[in-house]
Each structure stands twice: as structure tokens, then as C-alpha cells.
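Encoded as C-alpha cells, the structure appears first; notes follow it.
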Amino acid sequence: MTEIREYLEAHKQEMIDLLGELVAIPSVQGKAEKDAPFGIEPARALGLMLEKCREYGFSVDNVDNYAGSADINELPAQLAVLTHLDVVPVGCGWTTDPFMLRYEPETDKLIGRGAIDDKGPAVAALFAARAVRELGISLKKGIRLIFGTNEENGSEDLAYYRKNRELPPMVFTPDGEYPVINAEKGMLRVYFAADFEDDEILDIQAGTVINAVPQFCTVTFLNDDEESEEAVFEGVSAHASTPEKGDNAITQFLGSYCDENLLLQGLSDLFPHGETDGSSCGLGFSDELSGSMTCVLSLLSTENGRINGGIDIRFPLDRRKAEISEIVCGKLREAGFEIVSCDGVEPHCTDESSSFVQGLIRVYERVTGEKGRCIAIGGGTYVHEIEGGVAFGAEFPNEDGHMHSPDEFITVGNLLKNAEIMAEAMAELCS
54 MTEIREYLEA HKQEMIDLLG ELVAIPSVQG KAEKDAPFGI EPARALGLML EKCREYGFSV
114 DNVDNYAGSA DINELPAQLA VLTHLDVVPV GCGWTTDPFM LRYEPETDKL IGRGAIDDKG
174 PAVAALFAAR AVRELGISLK KGIRLIFGTN EENGSEDLAY YRKNRELPPM VFTPDGEYPV
234 INAEKGMLRV YFAADFEDDE ILDIQAGTVI NAVPQFCTVT FLNDDEESEE AVFEGVSAHA
294 STPEKGDNAI TQFLGSYCDE NLLLQGLSDL FPHGETDGSS CGLGFSDELS GSMTCVLSLL
354 STENGRINGG IDIRFPLDRR KAEISEIVCG KLREAGFEIV SCDGVEPHCT DESSSFVQGL
414 IRVYERVTGE KGRCIAIGGG TYVHEIEGGV AFGAEFPNED GHMHSPDEFI TVGNLLKNAE
474 IMAEAMAELC S
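Take a look at the structure:
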């Protein structure tokens, strides 16, 4: 609708200003405190967003600072737009302050941690709801905005919310890409450890989060003069669901370091540099719908005579986590490691022929003029464990907003376009 587009254009600066306020809050998971289950900063981001919703006339519900919601009308909620306000750690390589939103006129980029994942989309959802409400678009069903604070570290926020509140029957999250993500690979995260001694290596530190290809691996060696000497292996960061876009600094180190250390040699054999599908671990599975699986050695460190590591695995729709777990954990044990933990979720798939999904596809086609379709991904979106849920945005095809990477961004144009698509979806599904 032209009126929706005009409304959003008129409120563009408000959207940018709110995104700037949210980006300024470093809402990385912190130490749990009273009334802040995931740390002070995620709770602060949630408080800001709910206060804005209240200011705009929505009915607000804070569920113990795990998550919060805002209903845009008094009808029973039938549609939920699910976003999150927590972010991954900054990492290295930024060319600007990650917690100060910067506008780059020549590229139309708004740069800052959370710009595309998921604070920008959260702002777009809020202003989409404002547009629907303030333009007086007639609705027959209720609409709810849900804001979480722990998506990046296990989605305990959503689990808590679902224990205490009921989700509407239709749920989409702008935590992925367009047109519609209806299928997501299963996920497994494995943490392992072993006693570690080496005559040459004093320390290893690599990786910041388990769901990202590590950009740096810093190794402290003992040189010929019996002095410590630091070496930094530099790769390229990427989301763990698309490791082919990155260059793993850990496997780079393992592949270049040759000595008699059986643990490191074992890891090098299981995770050769450049391999991303886990074939050397006995995996390497694929299926027609979701494609090849991914397997990333994303964490490696030494501390107090121990070596610790973490692996992120995304497996196809036709496999189950018990099978994948048995294979990879068996290989790690054979290499001399003990398994500290091994947790994951099964694959997710929503019927693409449902009226909900088809409604979203119609909206995408109407607003963008591009052909809509359903796609499968390796990344786990916020709806992974919600039956019937799908991801709808926020990245457009062939767009890379540097999610989980330095200089994360969303363009102003796409911030507005996301809000327009979401407003149209609200009207399509609830009128």
C-alpha cells in the first residue's frame, strides 16, 4: 500500500534514532543478576524497546526480563513477529565503533553491532505495527510483537516465554532472509577437552563464539632462546552455517603446525583446513532439500594444563542428532578427547503449501516485484523449535549484512523495505 510506504518514509529518522539507541546498548550475554537473567545489558535493551512500545500506545508485557511483548490491538493474538535484542560479541576487525551507529551516505549503510541481527529488524517490526495501527488498517485478528534477549546463546528466553505465555498460531521472525525460510538444518554443538602438554606451545586462544568461523588464532610458542613468542593466524570470520564464506584460523594453525603432539595432529586430521562438511569426521552428509551439512571447529583454547574446544555442526533434514552425535563424539574420543557436552536440536520444516506461508510469499512478491519461494538454510533461526514457524527476512537475496562479523550493517532503504513488507504481512494475514 502506498500509504504504508509514505508513513514509513515520514518516520524514517525516528526509526534510525531508535536503532541508534539500541545499538548503543552492548547487549552481549553477561552474568546473570537479579531481574537480569542474561546480564544487565540485554535486560536494558528489552526495557528500552518495551518503553517505546508503551509510548506508542501498545499493551506491553515484560516476562521477567527473559522476553517481552507488545500487542498492537485488543483482539486475541493470531500473529506474532518474533525478534531478539541480544547480540554476539564484537570480535576484531571493525572500522568503526560497533556500539555507535554510523551512517555511511555513499553506501546508505547503518553500521553497528545488531544492525541486521536483530535490532534493525526489531525496529522495522515496531514501525510496521505502528503503521498498521496509526493508519487505521482494519484487522480481524490480533498481532503481537515479541522481543527476546537470548537468541544468540541458546534461546532460553524463548523457552521461558513459552512456559509462561502461549504463542499465537502464526509466527514469523525476521532473523533470516527472504523470501521465506521454511526448512532449517538440525544443529549440534559439541564441547570437548583433554589434558595438554607441549614443549613448544605455551598457550592457544582462538574463537569467541561457537557459531562463528574464528577469525584469529593466537598461539604463544617457546622459541629457541627459551623465550615466549606470539604468532597470530588470521582468517576470515563467517557465520557457522556458511563456513565456506570464511577462512578458519584454527584449522589454518593446525594445518601449518607439525610436531609430535598427538592431540593437535588428531584435530588436524579431523578438521583439515578448507573442509567444511565434516567428511574427515565421518560425516559429510547432504540431502536434496537442505544441501550439504557443515562442521566447524570454532573454539580452541588452553588453560591450566587443559585444551578445550568447540564444534558447530548443521546437518540435513533427513538425519537425526543422535546419529550425528555418535559419529563425531566417537571420532573425538578416538583422538584422545573427552566430551564435555553435546547438545542440539532436530531439523525444522514447515509446510510450504500452508495458507500462512503462501500469504507471506504473496506479500513478498507484491512489495518487491520479485518471485517468492521457500528456501532451506543451515542457520538456525529464532523459530527453529516453533512448530509452523518460518523466517521471513531480514536480509534480501544476494545481500550480506556482515551478520556476526565486523562492520555489520543494514541499509536505510532495506530498513524501510523490511518495515513495509512486515506491515503488509500484518494486513494480509490479519485483516
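Here the sequence shown is numbered in the working numbering, starting from 54 and rising by one per residue. Don't be surprised by glycine CBs; every beta carbon is placed ideally from N, CA and C.
Cutoff 8 Å; reference residue i; Cβ partners in own chain excluding five residues on either side
{"i": "Glu86", "result": "Gly92, Ile93"}
{"i": "Asn276", "result": "Glu282"}
{"i": "Trp147", "result": "Pro459, Asp460"}
C-alpha gap between residue i and residue j, whole angstroms
{"i": "Gln131", "j": "Arg197", "result": "8 Å"}
{"i": "Arg107", "j": "Ala181", "result": "15 Å"}
{"i": "Asn361", "j": "Pro79", "result": "27 Å"}
{"i": "Pro95", "j": "Gly412", "result": "33 Å"}
{"i": "Val243", "j": "Gly308", "result": "21 Å"}
{"i": "Leu128", "j": "Ser484", "result": "12 Å"}
{"i": "Ser332", "j": "Cys145", "result": "30 Å"}
{"i": "Ile164", "j": "Gly121", "result": "26 Å"}
{"i": "His292", "j": "Glu328", "result": "15 Å"}
{"i": "Tyr213", "j": "Ser354", "result": "32 Å"}
{"i": "Cys395", "j": "Glu67", "result": "44 Å"}
{"i": "Phe306", "j": "Gly383", "result": "24 Å"}
{"i": "His64", "j": "Glu104", "result": "18 Å"}
{"i": "Gly387", "j": "Gly466", "result": "The amino acid at residue 387 is misidentified as Gly; the sequence shows Glu. Their Cα atoms are separated by approximately 52 Å."}
{"i": "Lys162", "j": "Glu448", "result": "13 Å"}
Residue i and residue j closer than 9 Å at C-beta
{"i": "Ser343", "j": "Asn301", "result": "no"}
{"i": "Leu370", "j": "Ala429", "result": "yes"}
{"i": "Gly442", "j": "Pro227", "result": "no"}
{"i": "Gly229", "j": "Thr434", "result": "yes"}
{"i": "Glu376", "j": "Arg419", "result": "no"}
{"i": "Arg183", "j": "Tyr60", "result": "yes"}
{"i": "Asn118", "j": "Asp88", "result": "yes"}
{"i": "Pro450", "j": "Glu473", "result": "no"}
{"i": "His437", "j": "Ser290", "result": "no"}
{"i": "Asp114", "j": "Arg218", "result": "yes"}
Rounded Cβ spacing between residue i and residue j (contact assumed at less than 8 Å)
{"i": "Gly397", "j": "Leu241", "result": "4 Å"}
{"i": "Gly100", "j": "Thr295", "result": "About 33 Å separates the two Cβ atoms, so there is no contact after all."}
{"i": "Glu250", "j": "Phe274", "result": "In fact, because the Cβ distance is near 14 Å, the residues do not count as touching under 8 Å."}
Close Cβ partners of residue i (< 6 Å) along its chain, the five nearest in sequence each way excluded
{"i": "Ala178", "result": "Val134, Thr136, Leu198, Met475"}
{"i": "Gly425", "result": "Pro232, Ile414, Tyr417, Glu418"}
{"i": "His326", "result": "Thr304, Gln305, Gly308"}
{"i": "Asp170", "result": "Met456"}
Close beta carbons around residue i, own chain, < 7 Å, minus the five adjacent residues each side
{"i": "Leu220", "result": "Ala133, Ile439"}
{"i": "Glu157", "result": "Ile164"}
{"i": "Asp248", "result": "Gly358, Arg359"}
Can at least three beta-carbon pairs, one atom from the stretch 245 to 264 and one from the stretch 283 to 302, be found at a separation below 8 Å? yes
Validate contact between the stretch 338 to 347 and the stretch 356 to 368 using beta carbons, cut 8 Å, 3 pairs: yes
With a cut-off of 8 Å, do at least 3 Cβ pairs link the stretch 219 to 237 to the stretch 143 to 157? no
Would you be able to state if there are at least three C-beta pairs under 8 Å between the stretch 456 to 464 and the stretch 321 to 328? no
Counting Cβ pairs, one atom from each stretch, are 3 or more of them under 8 Å apart for the stretch 132 to 147 and the stretch 197 to 209? yes
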